[in-house]
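The structure appears right after this line, and notes come after that.
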Amino acid sequence: MSARDDIFANIRRSLGVNGSETIRRQIVEDRLERAPKGVIPKRGQVSGEERLALFKTMVETSLATVTEVSSPAEVPQAIALFLRNHNLPATLRMGEDLRLKAMPWSDTSLEITYGPSEGRDLNAVSHAFGGIAESGTLALVSGPENPSTLNFLPDNHIIVVSAKDIASDYESVWNRVRFAYGKGSMPRTVNWITGPSRSGDIEQTLLLGAHGPRRLHVVVVCD
Amino acid sequence: MSPPPNSKPRVGLFVTCLVDLMRPSVGFAAVKLLEDAGCIVEAPVQTCCGQPAYNSGDRGTTRDLAMRLIDTFHGFDYVVAPSGSCAGMIKAHYPELFEEDPNWRAKADALAAKTFELTSFLVDVLGVTSVEATFDGAVTYHDSCSGLRELGLKSQPRRLLASVEGLTLVEMNDSDVCCGFGGTFAVKYSDISGAIVDAKAKNIEAAQAPTLLAGDLGCLMNMAGKLSRDGKPVQVRHVAEVLAGMTEEPPIGAARAEASSKGRS
Amino acid sequence: MTVHSTSPQFKQNAARALKDGQLQKALGNVKQGFIDKRRMAADKLPEFESLRDSARDIKNHTLEHLDLYLEAYEEKVQASGGHVHFARDAQEARDIILAICREAGAKTVTKGKSMISEEIEINRHLEANGIRPVETDLGEYIIQLRGELPSHIIAPAVHLNATQVEQDFRRVHTHLDAKRDLSEPVQLLTEARAVLRERFLAADVGITGANFLVAETGTSIIVTNEGNGDLTQILPKTHIVLASIEKIVPTLEDASQLLRVLARSATGQEISVYTTFSTGPRRSADADGPENYHVVLIDNGRSSMLGTSFEEMLRCIRCGACMNHCPVYHAVGGHAYGWVYPGPMGAVLTPSLIGVDQAGHLPNASTFCGRCESVCPVRIPLPKLMRHWREREFERHLTPATVRSGLRFWGFFAKRPALYRLATRAAMATLGFMGRQRGRFTWLPLAKGWTKYRDFPAPQGETFQARWQRERKGRAA
Ligand code: SF4
Numbered sequence: 001m002s003a004r005d006d007i008f009a010n011i012r013r014s015l016g017v018n019g020s021e022t023i024r025r026q027i028v029e030d031r032l033e034r035a036p037k038g039v040i041p042k043r044g045q046v047s048g049e050e051r052l053a054l055f056k057t058m059v060e061t062s063l064a065t066v067t068e069v070s071s072p073a074e075v076p077q078a079i080a081l082f083l084r085n086h087n088l089p090a091t092l093r094m095g096e097d098l099r100l101k102a103m104p105w106s107d108t109s110l111e112i113t114y115g116p117s118e119g120r121d122l123n124a125v126s127h128a129f130g131g132i133a134e135s136g137t138l139a140l141v142s143g144p145e146n147p148s149t150l151n152f153l154p155d156n157h158i159i160v161v162s163a164k165d166i167a168s169d170y171e172s173v174w175n176r177v178r179f180a181y182g183k184g185s186m187p188r189t190v191n192w193i194t195g196p197s198r199s200g201d202i203e204q205t206l207l208l209g210a211h212g213p214r215r216l217h218v219v220v221v222c223d
Numbered sequence: 001m002s003p004p005p006n007s008k009p010r011v012g013l014f015v016t017c018l019v020d021l022m023r024p025s026v027g028f029a030a031v032k033l034l035e036d037a038g039c040i041v042e043a044p045v046q047t048c049c050g051q052p053a054y055n056s057g058d059r060g061t062t063r064d065l066a067m068r069l070i071d072t073f074h075g076f077d078y079v080v081a082p083s084g085s086c087a088g089m090i091k092a093h094y095p096e097l098f099e100e101d102p103n104w105r106a107k108a109d110a111l112a113a114k115t116f117e118l119t120s121f122l123v124d125v126l127g128v129t130s131v132e133a134t135f136d137g138a139v140t141y142h143d144s145c146s147g148l149r150e151l152g153l154k155s156q157p158r159r160l161l162a163s164v165e166g167l168t169l170v171e172m173n174d175s176d177v178c179c180g181f182g183g184t185f186a187v188k189y190s191d192i193s194g195a196i197v198d199a200k201a202k203n204i205e206a207a208q209a210p211t212l213l214a215g216d217l218g219c220l221m222n223m224a225g226k227l228s229r230d231g232k233p234v235q236v237r238h239v240a241e242v243l244a245g246m247t248e249e250p251p252i253g254a255a256r257a258e259a260s261s262k263g264r265s
Numbered sequence: 001m002t003v004h005s006t007s008p009q010f011k012q013n014a015a016r017a018l019k020d021g022q023l024q025k026a027l028g029n030v031k032q033g034f035i036d037k038r039r040m041a042a043d044k045l046p047e048f049e050s051l052r053d054s055a056r057d058i059k060n061h062t063l064e065h066l067d068l069y070l071e072a073y074e075e076k077v078q079a080s081g082g083h084v085h086f087a088r089d090a091q092e093a094r095d096i097i098l099a100i101c102r103e104a105g106a107k108t109v110t111k112g113k114s115m116i117s118e119e120i121e122i123n124r125h126l127e128a129n130g131i132r133p134v135e136t137d138l139g140e141y142i143i144q145l146r147g148e149l150p151s152h153i154i155a156p157a158v159h160l161n162a163t164q165v166e167q168d169f170r171r172v173h174t175h176l177d178a179k180r181d182l183s184e185p186v187q188l189l190t191e192a193r194a195v196l197r198e199r200f201l202a203a204d205v206g207i208t209g210a211n212f213l214v215a216e217t218g219t220s221i222i223v224t225n226e227g228n229g230d231l232t233q234i235l236p237k238t239h240i241v242l243a244s245i246e247k248i249v250p251t252l253e254d255a256s257q258l259l260r261v262l263a264r265s266a267t268g269q270e271i272s273v274y275t276t277f278s279t280g281p282r283r284s285a286d287a288d289g290p291e292n293y294h295v296v297l298i299d300n301g302r303s304s305m306l307g308t309s310f311e312e313m314l315r316c317i318r319c320g321a322c323m324n325h326c327p328v329y330h331a332v333g334g335h336a337y338g339w340v341y342p343g344p345m346g347a348v349l350t351p352s353l354i355g356v357d358q359a360g361h362l363p364n365a366s367t368f369c370g371r372c373e374s375v376c377p378v379r380i381p382l383p384k385l386m387r388h389w390r391e392r393e394f395e396r397h398l399t400p401a402t403v404r405s406g407l408r409f410w411g412f413f414a415k416r417p418a419l420y421r422l423a424t425r426a427a428m429a430t431l432g433f434m435g436r437q438r439g440r441f442t443w444l445p446l447a448k449g450w451t452k453y454r455d456f457p458a459p460q461g462e463t464f465q466a467r468w469q470r471e472r473k474g475r476a477a
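Residue numbers (full-length UniProt numbering), protein chains in the order written: chain A, 1 to 223; chain B, 1 to 265; chain C, 1 to 477.
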């Protein structure tokens with residue numbers, strides 16, 4: 001017997017089933033189909049300004065920084081300001097995201113490069129798929145628009161998120177993912193990011209910038 | 001099975017083996033508290049709830065002892081024990097012992113439903129809010145594990161202690177952390193048990209109360225033994241003794257002669 | 001399979017740990033940090049307790065239907081272009097991983113933190129076959145340099161202090177300036193980051209564990225704070241996910257429920273910094289990500305735990321809360337347990353995986369204080385399961401002879417109340433008389449373990465039952 005068959009046989013023997021019981025199959029299919037939500041914390045169940053305020057507070061709790069701009073056109077200036085304030089070089093890498101590309105980068109003196117990171121970039125910007133107010137989390141999806149390497153290799157990561165994409169809870173983001181990619185399908189990677197990289201492994205002291213970005217800056221576009 | 005209204009509840013006192021053997025004064029303190037609260041108290045001939053066997057993996061002996069105890073106490077309105085650990089054994093674990101025996105399971109369930117730890121019985125069942133007792137000075141209170149986590153004992157002893165005249169309660173750090181007793185654990189893994197009770201003793205000492213109270217004699221003997229070994233002058237008593245105002249007996253681990261000259265309030 | 005474990009020497013390990021001043025100091029960090037942070041996180045979320053119920057129910061439901069969810073998962077991974085391999089035991093898992101690494105022509109393999117990879121001792125196997133495994137979680141990296149096992153499932157190097165780490169870095173990072181300053185933890189972190197960054201970029205294969213596997217989508221989930229797991233899986237050409245079969249959950253919603261309790265229980269964070277959902281290899285238009293995606297599903301004893309009382313242990317999500325709250329773990333640390341999984345969860349799981357004859361001490365070395373169960377996010381009744389092991393040991397006569405005969409002796413009297421009263425009356429009278437002077441014993445035969453560390457309070461003399469009989473005879477109803 002193959003390892004696979006052996007393992008399944010052993011599981012079924014232990015559970016006292018044969019695997020072809022219609023009721024069990026139905027229960028499983030039904031759960032996969034319906035994806036019941038379970039307990040959703042009330043905290044995130046607010047809307048409008050309140051949700052945005054919660055999101056920003058939670059982002060800051062996660063030791064990231066956040067600014068708000070009123071249109072996509074203001075994003076380049078906001079990022080340039082962030083880099084200047086931290087004495088960082090005026091360079092920025094991004095993917096092929098059309099929302100980012102359409103922004104007026106020439107208003108700034110930022111030197112822009114495109115494509116995934118090979119580990120030598122100091123600063124990168126990504127556009128989030130959405131935000132989650134409950135925990136101040138950014139949800140990013142992989143693809144040529146926003147390569148995953150940009151989320152982890154640069155020292156400073158800037159994430160742009162549209163205020164209308166900030167959801168109350170994780171479950172709302174999954175609904176949008178299903179809508180965008182089809183039920184049961186996923187992009188290669190979904191990254192939930194909540195704050196900059198950190199480690200407590202040396203004497204349980206919290207230190208930022210373990211392997212991923214030392215700084216995470218979030219720009220919320222409220223248009 | 002609840003008592004007919006207006007009649008005094010008949011309480012079977014499960015005195016527990018440690019109290020029976022080591023410190024009967026705790027049992028008599030319990031009797032006084034229960035009688036003051038309007039109960040008729042009886043102490044039928046009894047041995048042990050079986051916990052030592054249970055925790056050593058000997059289910060057979062445990063079941064034998066449990067059946068005996070169920071028979072002994074089934075006729076009472078309530079069963080009360082001056083110990084969270086032994087009451088927890090009956091309340092939380094007896095039913096589990098007879099999972100495959102519906103007949104005994106029903107009896108175990110019935111006994112579990114009417115069994116209580118002393119302070120919980122007084123407060124939660126009888127609605128007692130104060131006791132007639134005085135005690136001079138500060139005490140600190142250790143929450144024994146089974147009572148705390150199996151029976152939810154935390155506020156009940158404190159509530160009653162608050163009514164004792166002259167007594168102030170000083171909370172120690174980590175009052176809800178195990179003292180390292182654990183029954184046979186204290187002997188089988190004495191090095192580890194010794195380290196755990198060492199940490200506990202430091203917290204007790206730091207609270208700077210001259211008296212330590214708790215609701216389980218096993219834990220009390222462990223902590224008293226450690227404090228006396230380290231030469232710490234903390235007096236150790238079961239909470240029932242203080243609540244009943246029966247503190248004539250020397251504290252746990254204290255000498256008789258010494259106690260009669262200065263151990264009394 | 002030979003397992004490298006010192007669990008049979010638990011007592012000696014513990015005794016050594018108790019005398020290790022440096023370790024004792026490090027363990028203080030566990031006692032302080034984790035407990036307060038978890039409590040604060042739990043208090044901040046009113047739904048925390050109902051989320052724990054939800055988490056328990058999801059795991060129970062999945063285990064009851066594990067065969068079907070595994071099938072669904074496998075199908076989805078394949079549909080997304082990944083490969084699923086099944087391994088009955090550690091040896092099979094090692095062989096599969098080695099074969100994938102060879103096919104990838106791997107020289108260097110980076111690794112995210114994974115307890116199952118410790119369980120199957122994959123590093124040893126790769127090294128023996130000329131492949132260099134590099135642990136990338138900072139804590140795991142440190143203990144790999146030292147050739148140790150993790151001492152904690154989420155904080156592998158919690159037993160060490162910064163000076164020890166500095167010494168290890170100086171010993172191993174010989175290409176760096178010997179006079180460099182490493183006196184601050186942040187300097188150690190920066191050095192590790194730089195050294196490991198090169199390894200990440202050079203690796204041919206990345207191996208991660210999985211916190212959860214999602215049947216609905218064929219997704220593997222990893223949770224980290226450092227981001228090392230992500231660099232491990234997106235940079236090399238091949239990503240291997242190692243997971244034991246019970247990591248499955250039905251849907252993304254179910255995973256989200258569990259994620260809500262995981263970080264709060266583990267580190268007291270609302271959620272970890274990086275939660276990553278990976279499904280298959282890179283897509284045709286993708287600019288980065290692995291070209292090959294393999295999942296190795298390992299049984300190694302799990303399927304036999306189903307349907308037994310130990311099935312509940314398979315709910316474990318490896319948060320570490322039980323050990324963070326365990327007085328025994330606080331006293332002796334993780335290495336004393338002698339194998340991969342320490343603390344209360346190890347005391348239950350280890351006997352299942354390496355045999356109770358090997359790990360028999362672990363479920364016995366507990367006071368049953370119940371604090372672990374009170375914080376376990378999936379409500380595993382850990383003390384009850386430890387007691388089940390004690391019962392198995394008793395049935396199989398693995399309980400030490402002295403304990404057995406002691407129990408027999410005590411049981412004989414306890415079952416005979418009249419005899420019991422007579423015997424105890426005499427014994428207590430004697431003990432009470434002997435202890436009267438000092439109120440305590442500093443030494444007692446048969447109780448050396450007790451009197452080594454504390455006095456034994458003397459009994460009052462007369463038993464309760466004797467006095468009750470004497471005083472109440474006329475009054476009793
Ligand atoms: S047993 Fe519970 S508390 Fe311990 S690691 Fe597993 S999930 Fe966490």
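For every residue, glycine included, the Cβ atom is placed at its ideal position computed from N, Cα and C.
May I have the straight-line CA-CA distance separating B:Met89 from B:Cys49, to the nearest angstrom?
-> 7 Å
B:Asp216: buried (16+ other C-beta within 10 angstroms of its C-beta) or exposed?
-> buried
Residues near C:Phe413 by beta carbon distance below 8 Å, same chain, minus five either side = Leu419, Tyr420, Ala423, Thr424
Which runs of the alpha helix (DSSP H) spanning at least 4 residues fall entirely within the segment 41–121 of chain C, listed in chain order?
-> 48–64, 66–79, 90–103, 115–119
Cβ of C:Gly320 versus every heavy atom of ligand 1: is any distance shorter than 8 Å?
-> yes
Can the beta-carbon of B:Gly137 be found less than 9 Å from the beta-carbon of B:Val80?
-> no
Could you give the distance in angstroms between the alpha-carbon of C:His85 and the alpha-carbon of C:Arg124?
-> 21 Å
Per DSSP, which residues does A:Val219 bridge with? Please list them.
-> A:Thr67, A:Val160
First and last residue of the uninterrupted beta strand (DSSP E) at B:Asp136 = 134–141
With 16 as the cutoff for other CB atoms within 10 Å, does B:Arg63 come out buried or exposed?
-> buried
List the residues of chain C whose Cβ lies closer than 8 Å to the Cβ of A:Gly16, in chain order.
-> Gly307
Quick one: is C:Glu103 buried, meaning 16 or more other Cβ sit within 10 Å of its Cβ, or exposed?
-> exposed
Rounded Cβ spacing between C:Pro133 and C:Glu140 (contact assumed at less than 8 Å) | That belief does not hold up - the Cβ atoms of C:Pro133 and C:Glu140 are roughly 10 Å apart, past 8 Å.
Should A:Gly182 be labelled buried (16 or more other beta-carbon atoms within 10 Å of its own) or exposed?
-> exposed
Distance between C:Asn129 and C:Val109 (C-alpha atoms, nearest Å) = 12 Å
Confirm, please, whether the CB-CB distance from A:Gly44 to A:Arg135 is below 9 Å.
-> It should be pointed out that residue 135 of chain A corresponds to Ser in this sequence rather than to Arg. It is a contact, given that the beta carbons lie within the stated cut-off.
Counting only beta-carbon atoms, is C:Ala155 nearer than 9 Å to chain A?
-> yes
Assigned exposure category for C:Leu306 - 16 Cβ within 10 Å defines buried = buried
Using a threshold of 8 Å, is the CB atom of C:Arg371 nearer than that to any non-hydrogen atom of ligand 1?
-> no
For C:Ser309, does the three-state DSSP call read helix, strand or coil?
-> helix
Any idea which residues DSSP pairs A:Ile166 with across the strands?
-> A:Gly131
How big is the Cα-Cα spacing for C:Ser303 and C:Phe433?
-> 58 Å
DSSP state of C:Val273 mapped onto helix, strand, coil | coil
Does DSSP classify A:Pro104 as helix, strand or coil?
-> coil
Any heavy atom of ligand 1 closer than 8 Å to the Cβ of C:Arg315?
-> yes
Hey, is A:Asp223's beta-carbon within less than 9 Å of any beta-carbon in chain C?
-> no
For ligand 1, any of its heavy atoms closer than 8 Å to the Cβ of A:Pro154?
-> no
Any heavy atom of ligand 1 closer than 8 Å to the CB of B:Cys86?
-> no
Quick one: what's got a C-beta closer than 6 Å to C:Val223's C-beta in the same chain, skipping five residues either side?
-> Asn211, Ser272, Thr275
Candidates B:Val45, B:Thr140, B:Cys86, of which the one nearest C:Lys415 by Cα = B:Val45
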